[in-house]
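Protein chains in written order, with this note's numbering: chain B, 1185 to 1587; chain Z, -11 to 280; chain X, 250 to 619.
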Amino acid sequence: MKKFWAMMLSLVMALSLLAGCGDSGSGSTGSSQDSGNASDGAKVVKIGVFEPQTGDNGAGGKQEILGMQYANTVQPTVEIGGETYEVKLEIVDNRTTAENGPSAAAELMNRDVSIVLGSYGSGVSIAGGKVFEEAGVPAIGVTCTNPQVTSDYDCYFRICFLDPFQGTVLANYAYNELGVTTAYTLAMLGSDYDQGLVHYFKEAFEALGGTVVSEDFPEGSANFVSYINNAKSAGAGVIFAPVSTNYAQLIIEAAAAQGFEGSLLGSDTWDNNMVLESTQGKAINLDITTFYQEGGNADFDSGIKEWINANADAKTNNGGNDMISAVTAMGYDAYFTALEAIKAAGSTDPAAVKAALPSVSYEGVSGLIEFDDIGDAKRDAAYIKTANTETGAWDFVKVQGVN
Amino acid sequence: MREILPYIINGISVGGQYALIAIGYTLVYGILRLINFAHGDVFMVAGLVMVYATTALPMYIALPLVLAVTVLLGFLIERVAYKPLRNAPRMSVMISAIGVSYLIQNLAFYITGGVPQPVSTPIPWISNNVVVLGVSTKRVTLITPVLTILLVAVLVYLIKKTKIGMAMRAAAKDFEAAQLMGIKINSVISFTFVIGSFLAAVGAMLYFTNYPSVAITSGGMPGLKAFVAAVFGGIGSIPGAVVGAFIIGLCEELIKGIGYTTFSDAFTFALLIAVLCVKPTGLFGEKVTDKV
Amino acid sequence: MTMKKKQTIFMAAVLLLLLAASIAVDAALPSYHIAVKVIEKATVYALVAVSMNLLNGFTGLFSLGQAGFMLLGAYAYGILTIPVAKRESVYQYFDGGAIHFSLPEIFAGFLGEGVGSTVGMLAALLVGGLLAAVFAYLIGLPVLRLKSDYLAIATLGFAEILKAFFQWNALGPLTNGSNLLKSYPAFENATAYVLLAGVLITFIVLLINSTYGRAFKAIRDDEVAAEAMGINLAKHKRMSFVISSFFAGIGGGMLAMYAGTIAAAPFKSTMTYEILLIVVIGGIGSITGSILASFLYIFSSEWLLRGLDSGTFLGINAPGIFKNGFRMAVFSVIIMVIVLFFRKGIMGDKELPDLLNRRPKQRKKGGAVK
């Protein structure tokens, strides 16, 4: 009997292998690169979405996808060479970590996408980038801020600003605008995003003549009380913590409980409704840099809010309310940038789209998007916002450049 | 003194939270010789239930509901995942425990969508800020150790003086002999899980008032550290678990205070390995031959 | 005896068939095809699962340190193979890092480009394995005295400590701190993965069928009896631990190769649990089972069951149920069912050739005499 089961299972396994191969066969022959006829006759162009929906960055990735999905409802078709194509988003979960990146990227290639959007984090983007490069499919990084995503791969472009830029902007703001000479930085161990920003912040802040005290916390920490106390005893005027949303909330809570009187400085990950919510009614100062300022584009704001409120799943993914995160706006812009490239290419062929991408210029809700030689967005200014603890909204402070 | 006072207050509070979880480990281990890997996740579920219940229901219904749901979960885990394996090798039971932990986390992910759930309506009064000796902190920080000691006193009374407590002690001493003496071993074990889950639920309420965000991995670290505390104090011993928890909580915060934040977690595990190798029975543990 | 011969031939045929299949896949499909990627990953997991099975299934030592040893192997591989020219950009915060050579480049210097870099990559994998083995030896000195669950929790703790060290900024010039290691060379096709993992797994099989393997099994079945029969417990346990870690280290290096970037963060207890559950699905004490389960698990989770997460599965369109996380929820339920009701997993402690034999009872007798 045992043997029988074992045989059966091996058989199933073998069959699944076969099924896989059969599947791939039809995938490569059935839909050729340039036509992709859907059954109802409408032509389809596929945009791949390479984002984490599970794992540590799952929450951020989902918010980014929301922007793309909304953009897809706003503009569901695209004109290519005089014909109307339906745009279809192919969403694949890369589970945040690098070892799940290649297969997720390969799955997108299997679905014959013309261009890829994502990912949220840099590590998994680099892991997927290798597959995109081999397949010759262009990718637009939405919020992966590590410089090496684009410098290592020809196919990778990016519409957000980079770690060096953001770190420097925040250092300038803290030193010049807040008038602080001692800063305390807090980053998660093992997060290259956190550590990268802290590195550049420290470099710039010390160049201005300030002093920086840096500490790390292990993954999974919930208790930030001692860190806040360390910042207080170091005499820090600001706490710079470019951490993910979950930790941001906990740091705000601890800072409020410990009566920290200086300012908290956050990066683009803090531009999130859940962070904002946790500041409400608390005696803290919070300033952040971000790509996008809510209220900057009234049409987009009201449109996406209406869409999120009408769509229960979207609302859950957005953390249960309709405040718009910067990453959502970036996702929206990434979608339209991709459409521009497809239009300019006049074809759904990935190679043509890739060739057209460097010269794309698109005025998005987060500002003008153009690429430089490496494939990075030309951005020289970030929005600085401060949390209004009474109204529970972001107040615009200024546009800050590197100088 | 003023310098280290905040770290000490915080450390004691953290210790109290670990203690409430550690008791769950130590009780179960005492009877079943099983590390209940899922205990940390039970703790996390209690936090999630609290988030959902307190937003939908008034406080006086929500909090008892959290206790009830958590206790039920603990009971069910034992009945479904551990009871059928009572005569299986220990490795199978432990794998089952890891499987349960995996299952709870994945289900929680499916339900929450992987988004950390903020505690939007914290328990009033205890979440307010107070100033003690010139140090600002939340009231729950001060209440946690007091409540912990109180609950432990009740628990010790329960185990020393009541009939079910006697049955638990008997089962911990000799599982089979206790069965032969007519103790309904299954109900004793269930009762153990109920107590453990109840304390974990209380711990979760305090913990997630202090750190008001519940992620699906929120149970992992506190769970592991509480387990280390239980081993450090001598697994199977309730006072040991409590003392161990307070020591670990204090050490952890003091290590952060002197600037070795990178190793605040690693320290806990180093302590575990050191204790296991040098004095496996821990501070208060009884000598049991089959441990090492 | 003839039975054994038949089994050997059968096994060799199966292995050749697998190799031929992977060569065919490589020839027919581009390197970025999902089938290639999934085969690569499943192969790596198979190697690691087999190494864990050697320890947990054949020697009966319940260790949860696998992720830690994989971490060592992965880092060793990355550190030793990043091309010198790329070091400046990889170690961007640490002035190019402390190490200024690259094994593939050194070997390429006197063996020629193609052969040399392959030898260099293999050497780096080997160093990773040896490093893991050395660490296992050192950790084993105190830890292997512990039993079952204590051993489990101690090895788990060790893996966590290791992770903290690798993320420590003070070691940054070597490990790049919390930042990624990348730009290192990797095998170009699935066949290379299958070939290497196949050779290594064959080693493990040979080991298990040797005197040492029989000693391991004796320790698993009854320590006291094994000791009475003259088996040196401490020595054999340590040996099993060190060898298992060696292969886990190489597996870690191969995983790094597959992923393209290395960070310490993913090597946490979840990864160990995942591998443990693969071993359980395959059957504790069956090499074939672990391999089958790895392929089954990776193929379904990375490829075939993706629909469970994205709305449509088997043509059923139910976005309300088939949403994110459903795939993993279904997996964990299946795993619990296996743990509770099919404790033997797919293969129990049988191997594939055992299936040739029609009468299992007789086979058992023969096995005992053999």
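Even glycine gets a Cβ: it sits at the ideal position worked out from N, Cα and C. The structure displayed is predicted, hence computed values, not measured ones.
Exposed unless 16 or more other CB atoms sit within 10 angstroms - verdict on residue i
i, result
"residue 458/X", "exposed"
"residue 1259/B", "exposed"
"residue 324/X", "buried"
"residue 1562/B", "exposed"
"residue 308/X", "buried"
"residue 349/X", "exposed"
"residue 1257/B", "exposed"
"residue 180/Z", "buried"
"residue 590/X", "exposed"
"residue 169/Z", "exposed"
Which residues DSSP lists as bridging residue i, in chain order
i, result
"residue 1232/B", "1274/B and 1300/B"
"residue 430/X", "511/X"
"residue 1545/B", "1554/B"
"residue 1472/B", "1450/B and 1569/B"
"residue 1342/B", "1325/B"
"residue 1264/B", "1267/B"
"residue 1396/B", "1367/B"
"residue 418/X", "Partner(s): none; residue 418/X has no beta bridge."
Where residue i sits in the DSSP three-state scheme
i, result
"residue 1287/B", "helix"
"residue 525/X", "helix"
"residue 231/X", "Absent from the structure is residue 231/X, since the part of chain X shown begins at 250 and ends at 619."
"residue 1563/B", "coil"
"residue 78/Z", "helix"
"residue 1373/B", "coil"
"residue 1425/B", "coil"
"residue 1580/B", "strand"
"residue 105/Z", "strand"
"residue 181/Z", "helix"
"residue 1430/B", "helix"
"residue 442/X", "helix"
"residue 1420/B", "coil"
Any C-beta of chain Z under 7 Å from that of residue i
i, result
"residue 1222/B", "Because the pLDDT at residue 1222/B is just 45, under 50, the model does not fix this residue reliably, and the point stays unresolved."
"residue 625/X", "The question about residue 625/X has no answer, for chain X in this structure spans 250 to 619."
"residue 1283/B", "no"
"residue 592/X", "yes"
"residue 1382/B", "no"
"residue 529/X", "yes"
"residue 432/X", "no"
"residue 1428/B", "no"
"residue 406/X", "yes"
"residue 1252/B", "no"
"residue 1507/B", "no"
Neighbour list for residue i in chain C, Cβ cutoff strictly below 8 Å
i, result
"residue 213/Z", "Annotation note: the requested chain C is absent from the structure, which comprises protein chains B, Z and X."
Residue i at chain X interface by Cβ criterion, 7 Å
i, result
"residue 1216/B", "Confidence at residue 1216/B is low in this model, with a pLDDT of 37, below 50, so its placement is unreliable and the value that follows should be read with caution. False, the Cβ-Cβ gap to chain X never drops below 7 Å."
"residue 1379/B", "yes"
"residue 194/Z", "no"
"residue 1237/B", "yes"
"residue 261/Z", "yes"
"residue 191/Z", "no"
The ligand FMN heavy atom lying under 6 Å from the CB of residue i
i, result
"residue 1341/B", "The ligand FMN is absent from the structure shown, which contains no ligand whatsoever."
Chain B contact for residue i (CB, 7 Å cutoff)
i, result
"residue 209/Z", "yes"
"residue 429/X", "yes"
"residue 287/X", "yes"
Q. Using a Cβ cut-off of 7 Å, which residues of the segment 497 to 527 of chain X contact any Cβ in chain B, in chain order?
A. Of all residues in the segment 497 to 527 of chain X, 504, 507, 508, 509, 510, 512, 513, 514 and 515 have a Cβ within less than 7 Å of some Cβ in chain B.
(Q) If the cut-off is 7 Å on Cβ atoms, which residues from the segment 223 to 242 of chain Z count as contacting chain X, listed in chain order? (A) none
Q) What residues from the segment 1391 to 1405 of chain B come within 7 Å of chain Z, judged by C-beta to C-beta, listed N to C? A) Taking a C-beta cut-off of 7 Å against chain Z, the contacting residues of the segment 1391 to 1405 of chain B are 1399, 1400, 1401, 1402 and 1404, listed in chain order.
Q: Would you list, in chain order, the members of the segment -4 to 9 of chain Z that have their beta-carbon closer than 7 Å to a beta-carbon of chain B?
A: -2 and 2
**Q.** Interface positions of the segment 1303 to 1314 of chain B facing chain X (Cβ-Cβ less than 7 Å), listed along the chain
**A.** 1307, 1310, 1311 and 1314
Q: Mind checking the segment 385 to 398 of chain X against chain Z and listing, in chain order, the residues whose C-beta falls within less than 8 Å of any C-beta there?
A: 391, 392, 394, 395, 396, 397 and 398
Q: Using a Cβ-Cβ cut-off of less than 7 Å, list which residues of the segment 145 to 175 of chain Z approach chain B; keep chain order.
A: none
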